[in-house]
Amino acid sequence: MNFTSIISEKINNISVEKNIIHIGEVKKFDGNIVYTDPFPAPIGSLCLIHDCHKNKIMSEVISFDEKYNMLAVLGQNPNLIIGCKVQLIDDGKNINIDERILGRITDAFGNPLDDKPLDKMKEEWPLMGKSMNPLKRKPVTKPLDVGIKIINSLLTVGQGQRLGIIAGSGVGKSILIKMMCQFTNADVVVLGLIGERAREVGVMVQSLFNNENENNITVVAVPADQSPLLRVRGANRATAIAEYFRSKNKNVLLIMDSLTRIAHAKREIGLSLGEQPTSKGYPSSVISMIPNLIERTGNSDTTNGSITAFYTVLADADDHNDPVVDTARAILDGHILLSRNNAQMGIYPAVDITNSVSRVMNEIIKQDHLEIAQKFRAHVSSYIENKDLMMMGGYVQGKDTLLDEAITLWPKIIDFISQKENEKINYSECISKLLKLYNG
């Protein structure tokens, strides 16, 4: 059952009670935005529009002024004419949530996409989250085992940390995400597949829900062909689910794939409302949305729960200075850059260790681990910087002690940073292998 049929079934089952009155009508439609009477409705409210064929079309209030309410249609190809009736059905501020969401795949409204029944859940949580006191947030103090050798040992992630995965196309991003979902030592895994191709969504879901941890995973999927408002709503819903479980003292892993597609959706909304594009076509609302979304994650200020978050950021044409990349990198607690050169050499995960950083690593690992990790980075950096010189035969051994060590260790280094996609290596084993590489 696809998204359109699910929404159609849901809204066709809505009974129009006598106390729900006609509160507005369509005044203008430009193909993107529906202009209606200025009835009282906050931004984010959900409305039903009755089109000329008596179909009910879901829409969302995205702006208003003294003349019009501006609504965005959440479906495709609406048959609207002037005078179509509009009904306010919900303020859109809360989602229904409880433990039954685990093991399920849902859309931006919480409708199941896996053809299984899902009764209305008992609790509510704000779609846009609850504000937290920054002074009461618990600090990141202990490592999180993600089951991936290069990250555990050289880019150690802290429980409650927020990181970006910056990658171009075809460098193994999806495989890395799948490994994290399956291997990470977390109570709950929330995966937001926002704006991705429907085929990739299907492949990812099938691989995740065929392993022993499937009952700890929930997926919010809003493919690229859906409304930009649904894509943004899907991102907020995935974050709200993670916040709910954090409030229950759970350690949550949130993976959002991708932050760039969410930014593109927000750009579509902003431009349709007449916002002026600034940096590379992005209006200011996009730049403000990114920190708002990211800051909802991390450690709690009231419970012992945490949200460790990874946001994938697509570097178009491998441009790592894109506005979305820059904004995300500034607000996140670190970033993992995937290298096309590593991917072309068959090194997976294709992490560029010299251009990746975990900002909390130094504070959560032991001193001997830190010293060896720094030495490892120095050897990789020295080898890469001098690779062309060595290929031309211009380097004479003995001139640079660090480079000599790197040349000797290089086969072991390549073996260390490589890992099969079905191979899980726990945190203590990763550190042991790193120390053994240097100490024998």
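Residue numbers for the sequence shown follow my numbering, beginning at 44 and rising by one.
Cβ atoms here follow ideal geometry from the backbone N, Cα and C, with glycine treated the same way.
Item, Value
"Can you tell me whether DSSP reads residue 401 as helix, strand or coil?", "strand"
"Helix, strand or coil: how does DSSP classify residue 107 here?", "strand"
"Do you know how far the Cα of residue 176 is from the Cα of residue 423?", "41 angstroms"
"Grab the span of the alpha helix (DSSP H) containing residue 308 for me, first residue to last.", "302-315"
"Would you check if there are 3 or more beta carbon pairs closer than 8 angstroms linking the stretch 126-142 to the stretch 86-95?", "yes"
"Which residues in the same chain as residue 133 place their Cβ atom closer than 8 angstroms to its Cβ, once the five residues preceding and following it in sequence are excluded?", "88 and 89"
"Can you tell me whether residue 174 is buried or exposed, with buried defined as 16 or more other CB within 10 angstroms of its CB?", "exposed"
"Do residue 412 and residue 206 come within 8 angstroms of each other at the CB atom, strictly closer than that value?", "no"
"Under 8 angstroms, with one C-beta from each stretch per pair, do the stretch 191-200 and the stretch 468-479 reach the 3-pair mark?", "yes"
"Measure the C-alpha to C-alpha separation of residue 440 and residue 451 and round it to an integer number of angstroms.", "11 angstroms"
"Report the three-state DSSP secondary structure of residue 142 (helix, strand or coil).", "helix"
"Per DSSP, what kind of secondary structure is residue 208 in: helix, strand or coil?", "strand"
"Sort out for me which residues DSSP pairs residue 130 with in a bridge.", "91"
"Taking one C-beta from the stretch 98-107 and one from the stretch 154-164 each time, how about it: are there three or more such pairs within less than 8 angstroms?", "no"
"With hydrogens ignored, establish whether the beta-carbon of residue 299 is closer than 7 angstroms to any heavy atom of the ligand FAD.", "Absent from the structure shown: the ligand FAD. Ligands present: none."
"Tell me which residues share the same chain as residue 308 and place their Cβ nearer than 7 angstroms to its Cβ, disregarding the 5 neighbours each side in the sequence.", "238, 271, 274 and 275"
"Leaving out five residues before and five after residue 405 in sequence, what residues of the same chain have Cβ atoms less than 8 angstroms from its Cβ?", "413"
"Express the C-alpha separation of residue 425 and residue 398 in angstroms, rounding to a whole number.", "13 angstroms"
"When burial is assigned at 16 or more other CB atoms within 10 Å of the CB, is residue 102 buried or exposed?", "buried"
"Please state if the CB of residue 218 and the CB of residue 391 are separated by a distance shorter than 8 angstroms.", "yes"
"Run through the stretch 170-225 for me and flag every whole beta strand (DSSP E) of 3 or more residues, listed as ranges in chain order.", "205-210"
"Assign residue 2 to one of three DSSP states: helix, strand, or coil.", "Nothing about residue 2 can be read from this structure; the chain reaches only from 44 to 483."
"Where does residue 454 sit, in a helix, a strand or coil, going by DSSP?", "helix"
"Would a C-beta distance cut-off of 8 angstroms place residue 201 and residue 183 closer than the cut-off?", "yes"
"Would you call the CB atoms of residue 234 and residue 262 closer than 8 angstroms?", "yes"
"When we look at the beta-carbon of residue 62 and count the other beta-carbons within 10 Å, is it buried (16 or more) or exposed?", "In this prediction, residue 62 scores a pLDDT of 49, lower than 50, which makes its location untrustworthy; the coordinate-derived value is nonetheless stated afterwards. Exposed is the call here."
"Can you give me the start and stop residues for the beta strand (DSSP E) that residue 68 sits inside?", "67-72"
"If you check the beta carbons only, do residue 374 and residue 334 fall under 8 angstroms apart?", "yes"
"One question on the structure: do residue 148 and residue 164 come within less than 8 angstroms of each other, judged by their Cβ atoms?", "no"
"Between the C-alpha atoms of residue 185 and residue 199, what's the straight-line distance to the nearest angstrom?", "10 angstroms"
"On the three-state DSSP scale, how would you describe residue 468?", "coil"
"In angstroms, rounded to a whole number, what distance separates the CA positions of residue 536 and residue 203?", "For residue 536 there is no data in the structure shown, the boundaries of the chain being 44 and 483."
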